[in-house]
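Novice:
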Amino acid sequence: MHYLRQCSLKKEWDKYITKPDKVQLLERYATIVADWLQPEKHVFYSCVKASLDGMALEVLHCLRENHPDHSIFSTSAETFFYWKNNNIDDNYWDVAEGTQIMDTLQEYIFGKLKFRQSELEDWTDNLEYMCIDYVLKTKYGDSLILNIIYHSVARRLGLRCDVIHLVSTPFCIFWKPKYATQNLENIRCLTLSYEIEKFPDCLVNEVSHFTELYSEGSPLGDFLITANNETCYEIIRILEDWMFRRRLDPFWKNPYVCGIGVRKLNLRFKKGAMVIPRSEDVKFAIDAITLATPKWIDNSEIGRYFNKFEDTHYVPNKMLARLYPQDADITAAITAISEN
């Protein structure tokens, strides 16, 4: 079942990535990653989308209290629906109204809800920090997921906020009133500090760093005009790397698997079991190991790697057999010896 689910999610990813840029939403990719990272549960995009919709609605309530005349309150339901389901190329508001939404959004997410970046930047310590459903629930997680949440809520309010990565800094939220110009006035480039809990001090202003990298005279106009698509592709590549290259390989945390299709020379096999000697002086009492009658171990983890038990050994599932085809010959040889 685990293998079939992985195949299904891989097909879902491959199908989604072929869709037009307009409808390739970062929160959808993050949901697929969260579903893959948590094989013990199902992460439904409808639930993630409902959480983001609810956050956008709460921001609107806060905005109405402080700016009841804001033109967003005369926006049609069709426009809100479009923002929710499509990437947008620019802001739908002038400088003043866009700033009002940004201020309200920042205060709601980081002030009222207290979303914070996890201190554990090393993803091996807690994979849940990389899962958008977990971060939405706990308000705590990886900086990339936090920025995807912010970006997704902002888009639902007619704001284009790009998730960017500056040299030697974490992921940042970048916003400017109009993207089709090189004007840097009123821009925002913010990242989170996990060392400070209180809003607004938890937000680190990276504008000076941004302007140093993209000063007047540099191809800033091209960068800003295309940042939405280019940044989206970069983030998608990072999420894909988590899934298919490192983080979501089902064997990445297994210390007994030494690579794809290659085993270390000091591995020893006994009836399908893998044993790693710690030193040359270690001796194994094979008779003691085989004293008990071999039988199926009733544990859910067994099913991740093996298909069935055949009297003396486990038969690997299709995924394991494909990765280690040479094991079939080794198992057959050992079984033949034990039978004789």
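Each residue of the sequence shown is one higher than the last, beginning at 744 in my numbering.
Ideal placement from N, C-alpha and C gives every residue a C-beta, glycine not left out.
1. What does the alpha-carbon distance come out to for the pair Glu755 and Val786?
2. Cβ of Cys904 versus every heavy atom of the ligand NAP: is any distance shorter than 6 Å?
3. Starting from Asn1050 and walking both ways along the alpha helix (DSSP H), at which residues does that stretch end?
4. Our contact map puts Ala799 next to Arg899 with C-beta atoms below 8 Å; I'd like the distance itself, whole angstroms only.
5. Taking the beta strand (DSSP E) that Tyr1057 belongs to, which residues open and close that run?
6. Using CA atoms only, rank isn't needed, just tell me which of Ile1073, Leu769, Asn830 is closest to Ile892.
7. From Leu967 to His810, what distance separates their C-alpha atoms?
8. Pop quiz: Leu780 and Thr847 are said to be a contact at Cβ under 8 Å. What is the actual Cβ separation, rounded to whole angstroms?
9. If you count every other CB in all the chains shown that lies within 10 Å of the CB of Gly901, and 16 or more means buried, which is it?
10. Which residues in the same chain have their Cβ closer than 7 Å to the Cβ of Arg771, if we skip the five residues on either side of it in sequence?
11. Would DSSP call Leu900 helix, strand or coil?
12. Going by C-alpha distance, which of Phe853, Ala1075, Ser814 is nearest Glu1053?
13. Within the segment 767 to 848, note down every full alpha helix (DSSP H) run reaching 4 residues or more, in order along the chain.
14. Could you give the DSSP three-state label for Ile852: helix, strand or coil?
15. Going by beta-carbon coordinates alone, are Tyr872 and Ser861 separated by less than 7 Å?
16. Determine the DSSP secondary structure at Tyr1067, reduced to helix, strand or coil.
17. What are the boundary residues of the beta strand (DSSP E) that includes Ile875?
18. Are the beta-carbon atoms of Phe914 and Asp905 separated by less than 7 Å?
19. What is the rounded straight-line gap between the Cα of Tyr1057 and the Cα of Lys762?
20. Quick check: is the beta carbon of Val802 nearer than 7 Å to any beta carbon in chain C?
21. Can you tell me where the beta strand (DSSP E) holding Ile760 begins and where it ends?
22. Just to confirm my understanding: we take Leu752, look at its own chain, exclude 5 residues before and 5 after, and list those with CB closer than 7 Å. What are they?
23. Looking at C-alpha atoms only, which residue of Gln849, Thr881, Asp1072 is the closest neighbour of Leu935?
24. Would Tyr877 be called buried (16 or more neighbouring beta carbons within 10 Å of its own) or exposed?
25. Please state whether the Cβ-Cβ distance between Val766 and Asn834 is less than 7 Å.
Specialist: So, from the listed chains and residues:
1. Here residue 755 refers to the residue found at position 12 when the sequence shown is read from its first residue. Here residue 786 refers to the residue found at position 43 when the sequence shown is read from its first residue. C-alpha separation (whole angstroms): 13 Å.
2. The model on display carries no ligand, and the ligand NAP is accordingly not part of it.
3. Position 307 of the sequence shown, counted from the first residue, corresponds to residue 1050. From DSSP, Asn1050 is part of no alpha helix (DSSP H) but of the beta strand (DSSP E) over 1049 to 1053.
4. For the purposes of this step, residue 799 is taken as the residue at position 56 of the sequence shown. For the purposes of this step, residue 899 is taken as the residue at position 156 of the sequence shown. Yes, they are in contact, since the Cβ atoms of Ala799 and Arg899 sit about 4 Å apart, within 8 Å.
5. If you number the sequence shown from 1, residue 1057 lands on position 314. Tyr1057 -> beta strand (DSSP E) spans 1056 to 1059.
6. Residue numbering aside, residue 892 sits at position 149 when the sequence shown is read from its first letter. Taking only the C-alpha atoms, the option nearest Ile892 is Leu769.
7. Within the sequence shown, residue 967 is the residue found at index 224, counting from 1. Within the sequence shown, residue 810 is the residue found at index 67, counting from 1. With a pLDDT of 40 at Leu967, under the threshold of 50, the predicted position of this residue should be treated as unreliable, though the coordinate-derived value follows. Rounded to the nearest angstrom, the two C-alpha atoms are 29 Å apart.
8. Position 37 of the sequence shown, counting from 1, holds the residue named residue 780. Position 104 of the sequence shown, counting from 1, holds the residue named residue 847. Going by Cβ atoms, the distance from Leu780 to Thr847 rounds to 32 Å, so no, they are not a contact pair.
9. Within the sequence shown, numbered from 1, the residue matching residue 901 stands at position 158. So Gly901 counts as buried.
10. Against the sequence shown, residue 771 aligns to sequence position 28. Result list for Arg771: Tyr759, Tyr788, in chain order.
11. Numbered from 1 along the sequence shown, position 157 holds the residue referred to as residue 900. Coil at Leu900, not helix or strand.
12. By one-based count along the sequence shown, residue 1053 stands at place 310. Answer by Cα proximity: Ala1075.
13. 769 to 780, 788 to 809, 820 to 828
14. For the purposes of this step, residue 852 is identified with residue 109 of the sequence shown, where counting begins at 1. Helix.
15. As a working note, residue 872 is residue 129 in the sequence shown. As a working note, residue 861 is residue 118 in the sequence shown. Contact flag set, yes.
16. The residue given as residue 1067 occupies position 324 in the sequence shown. In this structure, Tyr1067 counts as coil in the three-state DSSP scheme.
17. Numbered from its first residue, the sequence shown carries residue 875 at position 132. Looking at the DSSP string, Ile875 is not in any beta strand (DSSP E); the run it does join, the alpha helix (DSSP H), is 875 to 881.
18. Translated into positions along the sequence shown, residue 914 becomes position 171. Translated into positions along the sequence shown, residue 905 becomes position 162. No, Cβ-Cβ distance for Phe914 and Asp905 is not below 7 Å.
19. Position 314 of the sequence shown, counted from the first residue, corresponds to residue 1057. Position 19 of the sequence shown, counted from the first residue, corresponds to residue 762. Going by the C-alpha atoms only, they are around 42 Å apart.
20. Absent from the structure: chain C. Only one protein chain is present.
21. As a first step, residue 760 is located in the sequence shown; it is residue number 17 there, counting from the start. Where Ile760 is concerned, there is no enclosing beta strand (DSSP E), given that its DSSP letter is neither H nor E.
22. Numbered from 1 along the sequence shown, position 9 holds the residue referred to as residue 752. The answer, listed in chain order, is Ile775, Asp778, Trp779.
23. Position 192 of the sequence shown, counted from the first residue, corresponds to residue 935. With distances taken between Cα atoms, Leu935 lies closest to Gln849.
24. Position 134 of the sequence shown, counting from 1, holds the residue named residue 877. Buried, because 16 or more other Cβ atoms sit within 10 Å of the Cβ of Tyr877.
25. As a first step, residue 766 must be located in the sequence shown, where it is residue number 23. As a first step, residue 834 must be located in the sequence shown, where it is residue number 91. For Val766 and Asn834, no; Cβs fall outside 7 Å.
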